[in-house]
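This report concerns only the one structure given below.
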Amino acid sequence: MINNDVLRSLRYLLDISDAKLVEICQLADYPLAEADVAAFLKKDEEEGYTPCSDEVLAHFLDGLVFFKRGKDESRPALPVEKRLTNNTILKKLRVAFELKDDDMHEILQAADLPMTKAELSALFRKPGHKNFRLCGDQVLRNFLRGLTQRQRG
Numbered sequence: 186m187i188n189n190d191v192l193r194s195l196r197y198l199l200d201i202s203d204a205k206l207v208e209i210c211q212l213a214d215y216p217l218a219e220a221d222v223a224a225f226l227k228k229d230e231e232e233g234y235t236p237c238s239d240e241v242l243a244h245f246l247d248g249l250v251f252f253k254r255g256k257d258e259s260r261p262a263l264p265v266e267k268r269l270t271n272n273t274i275l276k277k278l279r280v281a282f283e284l285k286d287d288d289m290h291e292i293l294q295a296a297d298l299p300m301t302k303a304e305l306s307a308l309f310r311k312p313g314h315k316n317f318r319l320c321g322d323q324v325l326r327n328f329l330r331g332l333t334q335r336q337r338g
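Position 110 of the sequence shown, counting from 1, maps to 295 under my numbering, and the rest follow consecutively.
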């Protein structure tokens with residue numbers, strides 16, 4: 186899934202302004218201008234559209250965890266991912282929204298994408314684990330849709 190789509194989905198889900206999106210990035214010590222946010226949120230074909238890098242989205246997701254759960258100053262900051270995968274995005278959303286396995290199942294069920302516990306846990310395994318499974322765009326897109334229904338419904 187394209188990072189810009191994830192950012193647009195999360196902005197809608199959280200019902201936040203561009204300024205708030207900038208604030209959330211700043212929670213992860215990442216400076217971002219409102220003009221950059223506006224360019225990321227434009228549609229691909231619109232003039233002024235800018236692709237959202239993995240670095241920007243990773244900082245936003247880290248900031249989102251701090252925004253939703255608070256920042257633990259006693260723990261050292263983890264390095265920001267250089268390359269984001271759908272699996273990483275899903276993990277960060279799970280942490281930010283404090284979702285348990287049952288919550289994840291309900292969200293995917295509501296988005297008409299039921300998964301077994303084994304299928305779901307495979308998405309959270311480390312790459313290289315025998316049961317690891319890549320999270321496809323459809324799974325992430327449906328998860329975001331289901332999470333939006335849950336948060337805004």
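Beta carbons: idealized from backbone N, C-alpha and C, even for Gly.
Quick check: what's the CA-CA separation for Gly313 versus His290?
Here residue 313 corresponds to residue number 128 of the sequence shown, with the count starting at 1. Here residue 290 corresponds to residue number 105 of the sequence shown, with the count starting at 1. Roughly 24 Å between the two C-alpha positions.
How far does the alpha helix (DSSP H) with Glu219 in it extend, from its first residue to its last?
Translated into positions along the sequence shown, residue 219 becomes position 34. Looking at the DSSP string, the run of the alpha helix (DSSP H) that includes Glu219 is Glu219 to Leu226.
Taking C-alpha atoms, which residue in Leu195, Pro216 and Met186 lies nearest to Ala281?
In the sequence shown, residue 281 corresponds to position 96, counting from 1. Selection Leu195, Pro216 and Met186 evaluated against Ala281 yields Leu195 as nearest (Cα-Cα).
Compute the Euclidean distance between the alpha carbons of Gly338 and Ala204, then round it to the nearest angstrom.
Taking the sequence shown and counting its residues from 1, one reaches residue 338 at position 153. Taking the sequence shown and counting its residues from 1, one reaches residue 204 at position 19. Cα to Cα, the separation comes out at about 24 Å.
Which residue's Cα is closest to the Cα of Lys277: Leu293, Asp229 and Arg254?
Position 92 of the sequence shown holds residue 277. For the residues Leu293, Asp229 and Arg254, the minimum Cα distance to Lys277 belongs to Arg254.
Candidates Ile292, Thr235, Gly248 and Gln334: which alpha carbon is nearest Ile187's?
Your numbering for residue 187 matches position 2 in the sequence shown. Measuring from the Cα of Ile187, the nearest candidate turns out to be Thr235.
Measure the alpha-carbon distance for Leu206 versus Ala220 and round it to whole angstroms.
By one-based count along the sequence shown, residue 206 stands at place 21. By one-based count along the sequence shown, residue 220 stands at place 35. Roughly 11 Å separates the two Cα atoms.
Spatially closest choice to Gly331 from Thr301, Met300, Phe317 and Ala296, by CA coordinates:
Reading the sequence shown from its first residue, position 146 is the one you call residue 331. Of Thr301, Met300, Phe317 and Ala296, the residue nearest in Cα terms is Ala296.
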